[in-house]
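J.: I have a structure here, written as structure tokens, and I will follow up with some questions on it.
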Ligand SMILES: NC(=O)c1ccc[n+]([C@@H]2O[C@H](COP(=O)([O-])OP(=O)(O)OC[C@H]3O[C@@H](n4cnc5c(N)ncnc54)[C@H](OP(=O)(O)O)[C@@H]3O)[C@@H](O)[C@H]2O)c1
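In our numbering, the protein residues as written are 458 to 716.
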């Protein structure tokens, strides 16, 4: 199958392109650096010729409220319009578990707008809502850092490895469209404050994590279950502890250090 991965140079996209290729598919990594731009439409018509499926794993360069909404609306409209013209039979998009519970944030309002455009289009689709990636945990900590302290709520979270996200997307993109939203998540529910504490300790990051029920997640008030999927979510395979033992500190400035 020819599958176009839009955002194919990103964290999830690059893993997905590799996995699809290993399974004998023609996987095209579409991104501005490969001459395909979902905002301007440049290169899209050519990239989508003969494509059976499109997987949208783009992300906005800016998460400022207006910019991120404009990015996901414009990019999704273009992908759907060019996809329909090319006869694409399956539009797969990666979204986030709990999006409708996180609308205090402009980022999640933009993801909901993306989902609604897909549902309203004529192209058969599958929307895949994933939980937070393990690779994203230190960024969550960064967003809640003041001085040497990271203040996070003990909300439940069921994070998963980016590798497992890519595997799930690969299986879904090569299967018939479901025309609905499905959820994927990690093997275990953890507490957000504890998760950050374990990640920072493993990366020998000196910041202290303070548990605070009133603290926010990326500027959003979250309740006990805001971030966790329903019980019928498809689960990844990798445990956080196992991932931590082979992960490298995701901080280019500090250099890559073994945990
Ligand atoms: N972080 C999480 O925990 C989490 C959880 C669930 C779902 N998600 C969702 O997962 C998706 C992918 O995340 P990620 O971390 O893999 O993203 P990422 O590493 O930031 O990659 C984003 C990709 O989008 C591409 N891109 C940006 N502007 C583009 C444009 N105008 N046209 C075409 N491609 C463009 C980038 O290309 P360049 O490399 O050329 O810039 C890059 O390939 C996001 O939509 C996010 O909402 C994230």
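By construction, the Cβ of each residue, glycine as well, lies at the ideal position given by its N, Cα and C atoms.
What you are looking at is a predicted structure, and each value in this text was computed from that prediction instead of being measured.
Runs of 3 residues minimum, wholly inside the region 609-645: which ones carry the beta strand (DSSP E) assignment?
T.: Listed in chain order, they are 638-642.
J.: Could you name the residues of the same chain whose beta carbon sits closer than 8 angstroms to that of residue 480, not counting the 5 residues immediately before and after it, in chain order?
T.: Numbered from 1 along the chain shown, position 23 holds the residue referred to as residue 480. Closer than 8 angstroms at Cβ, skipping near neighbours: 627 and 631.
J.: Assuming residue 498 and residue 535 are in contact, meaning their beta carbons sit under 8 angstroms apart, how far apart are those beta carbons, in whole angstroms?
T.: Along the chain shown, read from residue 1 onward, the residue named residue 498 stands at position 41. Along the chain shown, read from residue 1 onward, the residue named residue 535 stands at position 78. About 5 angstroms separates the two Cβ atoms, so the contact holds.
J.: Kindly examine ligand 1 and report whether one of its heavy atoms sits closer than 7 angstroms to the Cβ of residue 610.
T.: Here residue 610 is taken as the residue at index 153 of the chain shown, counted from 1. No, since every heavy atom of ligand 1 falls outside the 7 angstroms radius drawn around the Cβ of residue 610.
J.: Along the chain, where does the alpha helix (DSSP H) containing residue 472 start, and where does it finish?
T.: Within the chain shown, the letter at position 15 stands for residue 472. First-last of the alpha helix (DSSP H) with residue 472: 468-479.
J.: Classify residue 503 as helix, strand or coil using the three-state DSSP reduction.
T.: Sequence index remark: in the chain shown, residue 503 carries index 46 (1-based). In the structure shown, residue 503 sits in a helix (DSSP, three-state: H, G or I).
J.: How about residue 614 and residue 691: are their beta carbons less than 8 angstroms apart?
T.: For this step, residue 614 is matched to residue 157 along the chain shown. For this step, residue 691 is matched to residue 234 along the chain shown. Their beta carbons are not under 8 angstroms apart, which means residue 614 does not touch residue 691 by this criterion.
J.: Note down the Cα distance separating residue 671 from residue 484, rounded to an integer number of angstroms.
T.: Start at 1 with the first residue of the chain shown, and residue 671 comes out as number 214. Start at 1 with the first residue of the chain shown, and residue 484 comes out as number 27. Going by the C-alpha atoms only, they are around 45 angstroms apart.
J.: Confirm the yes/no value for this check: CB of residue 589, any heavy atom of ligand 1, distance under 7 angstroms.
T.: Numbered from 1 along the chain shown, position 132 holds the residue referred to as residue 589. Answer for residue 589: yes, Cβ within range of ligand 1.
J.: Give me the Cα-Cα distance between residue 579 and residue 512, rounded to the nearest whole angstrom.
T.: Taking the chain shown and counting its residues from 1, one reaches residue 579 at position 122. Taking the chain shown and counting its residues from 1, one reaches residue 512 at position 55. Straight-line Cα distance between these residues: approximately 16 angstroms.
J.: Check residue 603 in the structure and name its three-state DSSP category.
T.: Numbered from its first residue, the chain shown carries residue 603 at position 146. Of the three classes helix, strand and coil, the one that applies to residue 603 here is strand, per DSSP.
J.: Considering Cα atoms alone, identify which of 461, 624, 685 and 600 is closest to residue 544.
T.: By 1-based counting over the chain shown, the position of residue 544 is 87. Of the candidates 461, 624, 685 and 600, the one whose C-alpha sits nearest the C-alpha of residue 544 is 461.
J.: Extract the residue ranges of the alpha helix (DSSP H) inside the region 502-583, only unbroken runs of 4 or more that lie entirely within it.
T.: Whole alpha helix (DSSP H) segments, 4+ residues: 522-543 and 563-577.
J.: Is residue 498 helix, strand or coil when you go by DSSP?
T.: To locate residue 498, count along the chain shown from 1; it is residue 41. Coil at residue 498, not helix or strand.
J.: Helix or strand or just coil, what does DSSP make of residue 591?
T.: By one-based count along the chain shown, residue 591 stands at place 134. Note: residue 591 maps to helix in three-state DSSP.
J.: Heavy atom of ligand 3 less than 7 angstroms from the Cβ of residue 469, yes or no?
T.: You won't find ligand 3 in this model; what it holds is ligand 1.
J.: In terms of alpha-carbon separation, which member of 573, 650 and 704 lies closest to residue 679?
T.: The residue given as residue 679 occupies position 222 in the chain shown. Among 573, 650 and 704, the Cα nearest to that of residue 679 belongs to 650.
J.: Using the C-alpha atoms, what's the distance from residue 567 back to residue 523?
T.: One-based indexing of the chain shown puts residue 523 at position 66. One-based indexing of the chain shown puts residue 567 at position 110. Looking at the two C-alpha atoms, the distance is approximately 9 angstroms.
J.: So residue 473 packs on residue 623, CB below 8 angstroms; how close in whole Å?
T.: On the chain shown, position 16 is the one that residue 473 refers to. On the chain shown, position 166 is the one that residue 623 refers to. Yes, residue 473 and residue 623 are in contact; Cβ-Cβ is about 4 angstroms, under 8 angstroms.
J.: How far does the alpha helix (DSSP H) with residue 486 in it reach, from first residue to last?
T.: For the purposes of this step, residue 486 is taken as residue 29 along the chain shown, with counting starting at 1. No alpha helix (DSSP H) contains residue 486, which is instead part of the beta strand (DSSP E) from 483-487.
J.: Between the C-alpha atoms of residue 667 and residue 553, what's the straight-line distance to the nearest angstrom?
T.: Taking the first residue of the chain shown as 1, we reach residue 667 at position 210. Taking the first residue of the chain shown as 1, we reach residue 553 at position 96. Roughly 26 angstroms separates the two Cα atoms.
J.: Count Cβ pairs between the region 526-540 and the region 652-667 that sit closer than 8 angstroms; are there 3 or more?
T.: No, the region 526-540 does not touch the region 652-667.
J.: Using 8 angstroms for Cβ pairs, my map puts residue 593 next to residue 617. What's the rounded Cβ distance?
T.: For this step, residue 593 is matched to residue 136 along the chain shown. For this step, residue 617 is matched to residue 160 along the chain shown. About 10 angstroms; that fails the 8 angstroms criterion.
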